[in-house]
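Residue numbering for the sequence shown follows my numbering, starting at 33 and increasing by one per position. Note that CB positions come from ideal geometry on N, CA and C, so glycine has one too. Every value quoted in this text rests on a predicted model; they were computed, and no experiment measured them.
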Amino acid sequence: MPELVFFSGTMDCGKSTLALQIAHNRSARGLQSVIFTRDDRAGEGKLSSRLGLVTEAVEATPELDLYGFVVERLSRGGKVDYIVVDEAQFLVTEQIDQLARIVDDLDLDVFAFGITTDFRTRLFPGSQRLIELADRVETLQVEAMCWCGARATHNARTVGGEMVVEGEQVVVGDVGAGIVGYEVLCRRHHRKRMTSATARAAALSPDVLPVTSG
């Protein structure tokens, strides 16, 4: 039976890489997909991974009816065997409902990939709706790591290396890119708002430097 599957995890856990791998494996068997994405780091209409792999995709703007898009392609004689959705956390809740309808009414598998919570540890509306509707929710097994070496469980937004907890929910960026960046942290250091940059600064502080005699 076709399924709506939500692959979730923090940043840096290989979500986009797995999305590309699924598309590659199935296309090698002659299956054709529609790939949707939203606000990818590589730009509009792209699905990319941090490993440097990129493929073309349909930009899922808030106004786009995903179900209607697939139906139109099929009605024009196009072949669609399955759907891949990356950055699914950025979709509006109505689009998640449309993904479920694609599974139920068109008998197509939908593989959605995204992070669950934002930099404030609050669920993205798209991710929340996926958790509510998905046939399966799969947590990716590639563990991202906090700067301290512990398993990273939270996404942090940084400005100049300093963690921030206020602002718009969606600001597209990447780790170390520009003024606004993102970093994955363990719960302890997310709670303490200690990023890798602030940890380095603390380690170099005169207050913690060893005292030498002489």
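- Task: Tell me whether the beta-carbon of Val135 lies closer than 7 Å to the beta-carbon of Leu36.
- Result: Here the question's residue 135 lines up with position 103 in the sequence shown. Here the question's residue 36 lines up with position 4 in the sequence shown. Contact flag set, yes.
- Item | Rounded separation between Val117 and Arg70 - CA only | The residue given as residue 117 occupies position 85 in the sequence shown. The residue given as residue 70 occupies position 38 in the sequence shown. One C-alpha to the other measures close to 9 Å.
- So the beta strand (DSSP E) Arg82 belongs to, where does it begin and stop? If you number the sequence shown from 1, residue 82 lands on position 50. Where Arg82 is concerned, there is no enclosing beta strand (DSSP E), given that its DSSP letter is neither H nor E.
- Message: Suppose contacts are defined by Cβ-Cβ distances below 7 Å. Is Val112 in contact with Val103 by that definition?
- Response: Sequence index remark: in the sequence shown, residue 112 carries index 80 (1-based). Sequence index remark: in the sequence shown, residue 103 carries index 71 (1-based). At the C-beta level, Val112 and Val103 stay beyond 7 Å of one another.
- Query: If you count every other CB in all the chains shown that lies within 10 Å of the CB of Thr171, and 16 or more means buried, which is it?
  - Reply: The residue given as residue 171 occupies position 139 in the sequence shown. Around the C-beta of Thr171, fewer than 16 other C-beta atoms lie within 10 Å, and the residue is accordingly described as exposed.
- Less than 7 Å separating the beta-carbons of Leu140 and Pro34? Within the sequence shown, the letter at position 108 stands for residue 140. Within the sequence shown, the letter at position 2 stands for residue 34. With contacts defined as CB atoms closer than 7 Å, Leu140 and Pro34 qualify as a contacting pair.
- Task: Counting only the same chain and skipping the five closest in sequence on each side, list residues whose C-beta sits under 7 Å from that of Met257.
- Result: Lying outside 33 to 246, the shown extent of the chain, residue 257 is not represented and no answer is given.
- Query: Looking only at its own chain, which residues have a Cβ that is under 8 Å from the Cβ of Ser59, when we skip the five neighbours before and after it?
  - Reply: In the sequence shown, residue 59 corresponds to position 27, counting from 1. Contacts found: Ser65.
- Task: Would you kindly report the start and end of the unbroken beta strand (DSSP E) that includes Ile128?
- Result: Along the sequence shown, read from residue 1 onward, the residue named residue 128 stands at position 96. Here Ile128 belongs to no beta strand (DSSP E); instead the alpha helix (DSSP H) covers 125–138.
- Message: Taking 7 Å as the threshold (C-beta atoms), are Val191 and Val212 in contact?
- Response: As a working note, residue 212 is residue 180 in the sequence shown. As a working note, residue 191 is residue 159 in the sequence shown. Result yes, Cβ atoms of Val212 and Val191 sit closer than 7 Å.
- Message: Looking at the secondary structure, which residues open and close the alpha helix (DSSP H) in which Phe101 lies?
- Response: Your numbering for residue 101 matches position 69 in the sequence shown. Boundaries of the alpha helix (DSSP H) around Phe101: 98–107.
- Message: So for Thr230, helix, strand or coil by DSSP?
- Response: Within the sequence shown, residue 230 is the residue found at index 198, counting from 1. Three-state DSSP puts Thr230 in a helix.
- In chain order, which continuous runs of the beta strand (DSSP E) of length 3 or greater are located wholly inside the stretch 152–228? Listed in chain order, the complete beta strand (DSSP E) runs (minimum 3 residues) inside the stretch 152–228 are 168–171, 186–191, 194–196, 212–217.
- Item | Burial state of Thr93, where buried means 16 or more other Cβ atoms lie within 10 Å | In the sequence shown, residue 93 corresponds to position 61, counting from 1. Thr93 is exposed by the Cβ-count criterion.
- Query: Should Ala233 be labelled buried (16 or more other beta-carbon atoms within 10 Å of its own) or exposed?
  - Reply: One-based indexing of the sequence shown puts residue 233 at position 201. It is exposed - the Cβ of Ala233 has fewer than 16 other Cβ atoms within 10 Å.
- To which residues does DSSP link Gly146 through a beta bridge? The residue you call residue 146 lines up with position 114 of the sequence shown. Its beta-bridge partners are Ser40.
- Task: Compute the distance between the beta-carbons of Ala229 and Gly199, then report whether it is under 7 Å.
- Result: Looking up residue 229 in the sequence shown gives position 197. Looking up residue 199 in the sequence shown gives position 167. Cβ distance not < 7 Å, so Ala229 and Gly199 don't count as in contact.
- Message: Checking the sheet assignment: what are the DSSP bridge partners for Ser122?
- Response: By 1-based counting over the sequence shown, the position of residue 122 is 90. At residue 122 the sequence reads Phe, which differs from the Ser that was named. Residue pairing by DSSP places Phe122 opposite no residue, since no beta bridge is assigned to it.
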